[in-house]
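S.K.: Got a structure here, written out as structure tokens. Questions coming.
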Amino acid sequence: MSDAINDAAGAFADIPISPLVFDLDGDGLELSSLANSPAHFDLDNDGFAEETGWVNADDGFLVRDLNSSGTIDNQNEMFGEDASGSAWAKLAVYDTNNDTTISGGERDALRIWRDLNQNGKTDSGELFTLQDAGIASINLYEFGANATIEGHEVDGSGQWTMTSGGTIRNYYDVFFQVDQINSWFIGDGVTAPDIDLDTLFLPLSRGYGAIKSLHLAASDNAGLKASLENLMTTTSYSTLNDQIFDVLYEWAGVDTVLPAAGGDFVDGRTLEFLEHLGDSEYLKFSWSGDATEPQYPEPASWVIDAFISAFAELKSRLLVQSAFSGVFINSYYDFTQDKLVFGENLDFYLSRAAGLAPESEVESPWYWSEIANIIVQNSTAFGLSEGAAKAQVDAYAGYTVEVWDNYLQGTSGGEEWVGSSGRDYILSGDGNDKTLGYGNSDHIELGMGNDTAFGGEGNDTLYGDAGDDQIYGDYANDLLFGGDGNDRLIGDRFLDETGNDTLYGGGGNDYLKSSYGNNILFGEAGKDSLTGGNGSNTLVGGADADKLYLDNNAFDLIKYTAVSDSTVVISGTSITRTNADYLQYFEDGVDKIDLSALGFSALTTNSTTLFNQVRAVNSGGYTHVVNDQTGFGFYFHSDDLLSQIDASDFIFANPSATITGTANADSLTGGAAINDVMSGLAGVDTLKGGTGDDTLNGGAGADYLYGEAGADIFTIATLSDSAITGNAFDRILDFENGIDTIDLSALDFYGITSASVTTPGLLRYYLNSGGTITYLKSDQVDFMISINGNHMSNLDASDFSFGGQAPNFVYGTASAESLIGGSASEALYGLAGNDTLKGGNGHDTLEGGAGADRLYGEIGQDVFRIQEVSHSVNSSGAYDIIYGFENGLDKIDLTGLGFTAFVAGAPGAGQLAASLNSGGTVTYIKSDTATNFLISIDGNHLAAIDASDFIFGPVSMFTGTAGNDSLTGGTGGDGLFAFAGDDTLQGGDGADTLIGGVGFDRLYGGAGADHFKFTSVSHSLNVSGQYDRIYDFEDGVDKIDLSGLGFTTLVAGTPGVGQLRVTVNSDSSWTYIKSDTATNFLIAIQGDVLADLDVEDFIFG
940 MSDAINDAAG AFADIPISPL VFDLDGDGLE LSSLANSPAH FDLDNDGFAE ETGWVNADDG
1000 FLVRDLNSSG TIDNQNEMFG EDASGSAWAK LAVYDTNNDT TISGGERDAL RIWRDLNQNG
1060 KTDSGELFTL QDAGIASINL YEFGANATIE GHEVDGSGQW TMTSGGTIRN YYDVFFQVDQ
1120 INSWFIGDGV TAPDIDLDTL FLPLSRGYGA IKSLHLAASD NAGLKASLEN LMTTTSYSTL
1180 NDQIFDVLYE WAGVDTVLPA AGGDFVDGRT LEFLEHLGDS EYLKFSWSGD ATEPQYPEPA
1240 SWVIDAFISA FAELKSRLLV QSAFSGVFIN SYYDFTQDKL VFGENLDFYL SRAAGLAPES
1300 EVESPWYWSE IANIIVQNST AFGLSEGAAK AQVDAYAGYT VEVWDNYLQG TSGGEEWVGS
1360 SGRDYILSGD GNDKTLGYGN SDHIELGMGN DTAFGGEGND TLYGDAGDDQ IYGDYANDLL
1420 FGGDGNDRLI GDRFLDETGN DTLYGGGGND YLKSSYGNNI LFGEAGKDSL TGGNGSNTLV
1480 GGADADKLYL DNNAFDLIKY TAVSDSTVVI SGTSITRTNA DYLQYFEDGV DKIDLSALGF
1540 SALTTNSTTL FNQVRAVNSG GYTHVVNDQT GFGFYFHSDD LLSQIDASDF IFANPSATIT
1600 GTANADSLTG GAAINDVMSG LAGVDTLKGG TGDDTLNGGA GADYLYGEAG ADIFTIATLS
1660 DSAITGNAFD RILDFENGID TIDLSALDFY GITSASVTTP GLLRYYLNSG GTITYLKSDQ
1720 VDFMISINGN HMSNLDASDF SFGGQAPNFV YGTASAESLI GGSASEALYG LAGNDTLKGG
1780 NGHDTLEGGA GADRLYGEIG QDVFRIQEVS HSVNSSGAYD IIYGFENGLD KIDLTGLGFT
1840 AFVAGAPGAG QLAASLNSGG TVTYIKSDTA TNFLISIDGN HLAAIDASDF IFGPVSMFTG
1900 TAGNDSLTGG TGGDGLFAFA GDDTLQGGDG ADTLIGGVGF DRLYGGAGAD HFKFTSVSHS
1960 LNVSGQYDRI YDFEDGVDKI DLSGLGFTTL VAGTPGVGQL RVTVNSDSSW TYIKSDTATN
2020 FLIAIQGDVL ADLDVEDFIF G
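Residue numbers (the working numbering): 940 to 2040.
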């Protein structure tokens, strides 16, 4: 039986049951212990056969077959002590002549049951008349017998006389040990239960105590059956706990019990559920007498601990068979072992969980929390500790999933709630409630009403609502929210409760205090009182006139976030303080007041202030700090601080300055600790920002830019401001990766690449020959920047602000159609058919696919891509025509077709040449006759076109079939294309391109800068056995080409549409690249390369 269920029932003691046992062979009473007994029998007459200690086969029970069934069905047909009387009193009923002896005809209705096979059932040949058992008479006199045999208490004894020889032997009143929870439903022992066959396809579980097996209970209870059916189809993960409560309470038949029936601290349904589970009543000693419900928080917590042990086990059992059956396929509940059996490994299930996770911000956290609960509850089934199993859940979820041990939901009445020793999630409901989180880190939400809540031990989060609440964090580091109403929030009250607490008052006039630790107090709206206590505290009064009490033993910080938070009215020398904050116990030279968010940057001694200044002034017996322009102001507890207050008591905003050059060569220098905005304008300028977070824009000309200290921004507003022509590009002399930013937001670039040739919208970065300067260059437009130093390993997209947009994607069909792009950069794919593709504005990629296609790049730097030789062949009506091609700007991408050179004469294998039609109006790009490749370009480009207008790809081509292929490249740059099947591709030496195609492919790039290219999302899906594996990826050398798949970036958390996330499995043997669950794309890379992979390892767009 499940350990968790046993633990739950352990809170309620087993009740010993007493039948009369006869020593038939005169060798003493022989019993089996509870642990060694094979028998289940209904010893308490409740229709459930409980596991019980038992009598050995050579002794027997005194019984009576009251219903003439030929079997002994329950304890009613035995003699033993129960609520109706003692065993001897029951037996005396058969002494019709009142001679204190059962003899003669008085014996006729009595039997001896010898359970010969020890199965707890009355089988043929086991019931004997007293005459057949050799019993002449039974003396009704009771002797004392205080003994314990095999754990069973023997409470009394009597004597009986044998028919043979008149020998006297003994019988005993034995109180057997019984495991009430380990029971099976038997009913009256005669009538078989009716089973609704539909219930066998719903979640299953054996019964316990006085609770039937789930399918039997559901057969009798239409409401329970309906609840189980709802659980099978629900996607409301945020309400799963409520649904499980409904199922458990209906299963135990306690759903109509009033919550108040459990007393002040425990839900009555919870208490009675446990009583039914253990088939015993709650009974605890109290000073006012034995109590039938918990009288104090501590025993209440014991009851709740018992309940959540059962709740967690049963919830995971039910959910695996219902709401999460799509995740936990090949899993089932085993009646004999009383546990779930999982047929797959943990990675398999978590991969499915990630694939089925909801996108809803409300449902997703609850979904993952329940997945985590199931995995942690059954961690041993996967050979893991709870911590290791939870870590794997977090890895697949992409964040640390909250797991709750206990969930409690209140009603609209005023109630008292006590949490467990575990992590509680408590919703107290409306009404004036009192809630104690008790042990561990709890989440408590108070409803409407004037509530009181105590976090107890652990790092607790407590939320008030409307009403005047009293909220106490107690021990450790707590987070308290008052909500609306006039609330009282206390982080900790006593020295041993020290923690670093954060308190939010919310609406209303609140009282906030945390006596110990380093605390943060936010008064928010209303006239609040904030007291920091010992430690270094931060006090933020918020809106309205607040009272802020500092501690004089440590550094405290008063922080303002809006001018309107504390205002005064200044009239000459008079100051009205109606909406101003009051500060008490401020220590000059120790505490500080933070005004940085308000834009104030100085304390002045003038009689009036500028917009960015404050001044100190006495009025009406108090020292004030005010700003005359905005009306901001607060005051201290006395007027004796005027001579002490100086700028060191404040945290001001960093001042800023605007410095502008001329059309000539300027040398501009920023100030110390100032955020300067510097514009060089025209000329060869030198800009030095100095200390502070500066913005430097050199303008036109070859400018020299020094950010110096601080997080600086280097801005280039137009392409001509940093041109290659005439070496008129800007030089950044002290760029700090991860701190400084290069602002290109006014330009059309959208990313950087280390590729040897860029496509429009990308900047290529590379080193000079000496390795001392990093260049950023466009191959399509006249633009370049240089950065002093080697930044090749550090530079990434996060160092830039881009203004361009990564390409969008437009797909055609197998028919002829027209695809028209917009103003953005797009990728248009015609697929089959004679298509017309028009890129429009932006830097577009056009791929006609099969058929005779017409391709118009139009405005922007465009790429015309042909994926297969057969897509444009030298045959009438079978080749593509390019319109509006701009030499030196647009590109023709022939990657993977085997072409390597552009020649002037007749082309050989792997070569292309240009020629004109007879009218000189069309340029033809032709291969050798064997390859039979042809492209047509509208217009005469014969003199202008050269190899720089093309993107060539690998030298050798290796193609597979629709089966399982093994392709191996040579020493050069090869193209390996496997098509369908589970293929193995080995590139060998050289810069190879590997395309696995459909199926489970194994990709080995070998030496050289290799490209692992994926042409469809469906070629590597997040399904076991359907994703590709890369075995030798070299970070910074190889590339994963996902162009055309719609992905644009990597993210650290859960990926959205167009995003990918990198994770590592539990033993760091594989790195996974995953998309959002709807796209369901996955690639695996052997080894742990999580720390190395970034956007530069991918080709997006």
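All C-beta atoms in this analysis are idealised placements derived from N, C-alpha and C, irrespective of residue type, glycine included.
Taking A1648 and A1667 to be in contact with their CB atoms under 8 Å, please state how far apart those CB atoms are, rounded to whole angstroms.
M.R.: Translated into the one-based positions of the sequence shown, residue 1648 becomes position 709. Translated into the one-based positions of the sequence shown, residue 1667 becomes position 728. So it is not a contact: roughly 28 Å between Cβ atoms.
S.K.: Return the residue from the list F1739, G1743, G1787, S1737 that minimises the CA-CA distance to S1754.
M.R.: For this step, residue 1754 is matched to residue 815 along the sequence shown. The shortest Cα separation from S1754 among F1739, G1743, G1787, S1737 belongs to G1787.
S.K.: To the nearest angstrom, report how far apart N1058 and S1122 are at their CA atoms.
M.R.: As a first step, residue 1058 is located in the sequence shown; it is residue number 119 there, counting from the start. As a first step, residue 1122 is located in the sequence shown; it is residue number 183 there, counting from the start. Near 14 Å, if we compare the C-alpha coordinates of S1122 and N1058.
S.K.: Can you have a look at S1220 and say buried or exposed, based on whether 16 or more other CB atoms are within 10 angstroms of its CB?
M.R.: Sequence index remark: in the sequence shown, residue 1220 carries index 281 (1-based). Just to set this straight, residue 1220 is Glu in the shown sequence, not Ser. Exposed.
S.K.: Using only CA atoms, which one of F1067, S1661, G1043 lies nearest to T1100?
M.R.: The residue given as residue 1100 occupies position 161 in the sequence shown. Checked all of F1067, S1661, G1043; the closest Cα to T1100 is G1043.
S.K.: Please classify L1210: does DSSP put it in a helix, a strand, or coil?
M.R.: In the sequence shown, counting from the first residue as 1, residue 1210 sits at position 271. L1210 falls in the helix class under three-state DSSP.
S.K.: Does the structure place the segment 971-990 close enough to the segment 1004-1023 that three or more beta carbon pairs sit under 8 Å?
M.R.: yes
S.K.: Given a threshold of 16 other Cβ atoms within 10 Å of its Cβ, counted over all protein chains shown, does A1075 qualify as buried or as exposed?
M.R.: The residue given as residue 1075 occupies position 136 in the sequence shown. Result: buried.
S.K.: If you compare alpha carbons, which of R1670, V1502, N1518, G965 is closest to V1508?
M.R.: Within the sequence shown, numbered from 1, the residue matching residue 1508 stands at position 569. Here the closest residue by C-alpha is N1518.
S.K.: May I have the straight-line CA-CA distance separating G2026 from D1426, to the nearest angstrom?
M.R.: In the sequence shown, the residue the question calls residue 2026 occupies position 1087. In the sequence shown, the residue the question calls residue 1426 occupies position 487. Their Cα atoms are separated by approximately 54 Å.
S.K.: Quickly, what does DSSP pair D1533 with across the bridge? List them, please.
M.R.: The residue you call residue 1533 lines up with position 594 of the sequence shown. For D1533, which the question treats as bridged, DSSP gives the partners K1498, I1590.
S.K.: Starting from the Cα of R1171, find the closest Cα among A1262, V1186, A1191 and give me that residue.
M.R.: By 1-based counting over the sequence shown, the position of residue 1171 is 232. The question names Arg, but residue 1171 is Met in the sequence shown. For M1171, the closest of A1262, V1186, A1191 by C-alpha to C-alpha distance is A1262.
S.K.: For Q1552 versus A1541, is the C-beta spacing smaller than 8 Å?
M.R.: As a working mapping, residue 1552 is identified with position 613 in the sequence shown. As a working mapping, residue 1541 is identified with position 602 in the sequence shown. The answer is yes: Cβ separation under 8 Å.
S.K.: Do the CB positions of Y1272 and S1144 come within less than 8 Å of each other?
M.R.: Working through the sequence shown from its first residue, we reach residue 1272 at position 333. Working through the sequence shown from its first residue, we reach residue 1144 at position 205. Closer than 8 Å, so yes.
S.K.: Mind checking who G1024 pairs with in its DSSP beta bridge?
M.R.: Start at 1 with the first residue of the sequence shown, and residue 1024 comes out as number 85. G1024 is bridged to D1021.
S.K.: Just to confirm, is the Cβ distance from G1456 to G1474 under 8 Å?
M.R.: Start at 1 with the first residue of the sequence shown, and residue 1456 comes out as number 517. Start at 1 with the first residue of the sequence shown, and residue 1474 comes out as number 535. The Cβ-Cβ distance between G1456 and G1474 falls below 8 Å.
S.K.: How big is the Cα-Cα spacing for I1088 and D964?
M.R.: Numbered from 1 along the sequence shown, position 149 holds the residue referred to as residue 1088. Numbered from 1 along the sequence shown, position 25 holds the residue referred to as residue 964. Using only the alpha carbons, I get a separation of about 17 Å.
S.K.: Which residues mark the beginning and the end of the beta strand (DSSP E) in which N1614 is found?
M.R.: Position 675 of the sequence shown holds residue 1614. Start and end: 1614-1618.
S.K.: Give, in chain order, every unbroken run of the beta strand (DSSP E) that is at least 3 residues long and sits entirely within the segment 1050-1081.
M.R.: 1050-1052, 1066-1068, 1074-1078
S.K.: Which of helix, strand or coil does DSSP assign to V1812?
M.R.: Along the sequence shown, read from residue 1 onward, the residue named residue 1812 stands at position 873. Residue state, collapsed to three classes: strand.
S.K.: Give the secondary structure of N1121 by DSSP, where H, G and I count as helix, E and B as strand, and everything else as coil.
M.R.: Within the sequence shown, residue 1121 is the residue found at index 182, counting from 1. Residue state, collapsed to three classes: strand.
S.K.: Taking the C-alpha atoms as reference points, what is the distance between G1570 and R1516?
M.R.: For this step, residue 1570 is matched to residue 631 along the sequence shown. For this step, residue 1516 is matched to residue 577 along the sequence shown. So the alpha carbons of these two residues sit roughly 11 Å apart.
S.K.: Between D1721 and A1662, which are expected to be in contact by the criterion C-beta below 8 Å, what is the C-beta distance as a whole number of angstroms?
M.R.: Here residue 1721 is taken as the residue at index 782 of the sequence shown, counted from 1. Here residue 1662 is taken as the residue at index 723 of the sequence shown, counted from 1. Sure, about 5 Å apart at Cβ, within 8 Å.
S.K.: State yes or no: is the C-beta of F1891 within less than 8 Å of the C-beta of L1833?
M.R.: Looking up residue 1891 in the sequence shown gives position 952. Looking up residue 1833 in the sequence shown gives position 894. Against a cut-off of 8 Å, the Cβ pair of L1833 and F1891 comes out as a contact.
S.K.: Helix or strand or just coil, what does DSSP make of Y1414?
M.R.: Reading the sequence shown from its first residue, position 475 is the one you call residue 1414. Correct three-state label for Y1414: coil.
S.K.: So, under 8 Å CB-CB, D1660 and G1638 are touching, yes? Tell me the CB distance rounded to an integer number of Å.
M.R.: In the sequence shown, residue 1660 corresponds to position 721, counting from 1. In the sequence shown, residue 1638 corresponds to position 699, counting from 1. The Cβ separation is near 6 Å, so the contact holds.
S.K.: Leaving out five residues on either side along the sequence, give the residues of the same chain with a beta carbon under 6 Å from the beta carbon of D1977.
M.R.: Taking the sequence shown and counting its residues from 1, the one referred to as residue 1977 is at position 1038. So the qualifying residues of the chain are G1944, D1949.
S.K.: Report the CB separation of I1532 from F1589 in whole angstroms; it is logged as a contact under 8 Å.
M.R.: For the purposes of this step, residue 1532 is taken as the residue at position 593 of the sequence shown. For the purposes of this step, residue 1589 is taken as the residue at position 650 of the sequence shown. Rounded, the Cβ-Cβ distance is 5 Å, consistent with contact.
S.K.: Flag this pair as touching only if the segment 1132-1140 and the segment 1107-1122 have three or more C-beta atom pairs under 8 Å; answer yes or no.
M.R.: no
S.K.: Can you tell me whether I1821 is buried or exposed? The criterion is at least 16 other CB atoms within 10 Å of its CB, across all chains shown.
M.R.: Numbered from its first residue, the sequence shown carries residue 1821 at position 882. Counting Cβ neighbours within 10 Å, I1821 comes out buried, since at least 16 surround it.
S.K.: Suppose the cutoff is 8 Å on Cβ atoms and the five residues either side in sequence are ignored; what does the same chain contact list for T2002 look like?
M.R.: Taking the sequence shown and counting its residues from 1, one reaches residue 2002 at position 1063. Answer for T2002: A1334, Y1335, G1337, T2010, Y2011, K2013, L2029, listed in chain order.
S.K.: For D1495, is the classification buried or exposed, using 16 other Cβ atoms within 10 angstroms of its Cβ as the cut-off for buried?
M.R.: Here residue 1495 refers to the residue found at position 556 when the sequence shown is read from its first residue. So D1495 counts as buried.
S.K.: Taking its Cβ as the centre, do 16 or more other Cβ atoms sit within 10 Å of E1807, making it buried, or is it exposed?
M.R.: Here the question's residue 1807 lines up with position 868 in the sequence shown. Exposed, because fewer than 16 other Cβ atoms sit within 10 Å of the Cβ of E1807.
S.K.: For K1830, write down the residues that DSSP places opposite it in a beta bridge.
M.R.: Here the question's residue 1830 lines up with position 891 in the sequence shown. Answer by DSSP bridge pairing, in chain order: V1802.
S.K.: Within this structure, are the beta carbons of G1148 and F1274 separated by less than 8 Å?
M.R.: Numbered from its first residue, the sequence shown carries residue 1148 at position 209. Numbered from its first residue, the sequence shown carries residue 1274 at position 335. No, the pair does not count as a contact, with Cβ atoms beyond the cut-off.
S.K.: Do you know offhand how far F1184's Cα is from V1342's?
M.R.: Walking along the sequence shown from the start, residue 1184 turns up at place 245. Walking along the sequence shown from the start, residue 1342 turns up at place 403. Straight-line measurement puts the Cα of V1342 at about 17 Å from the Cα of F1184.
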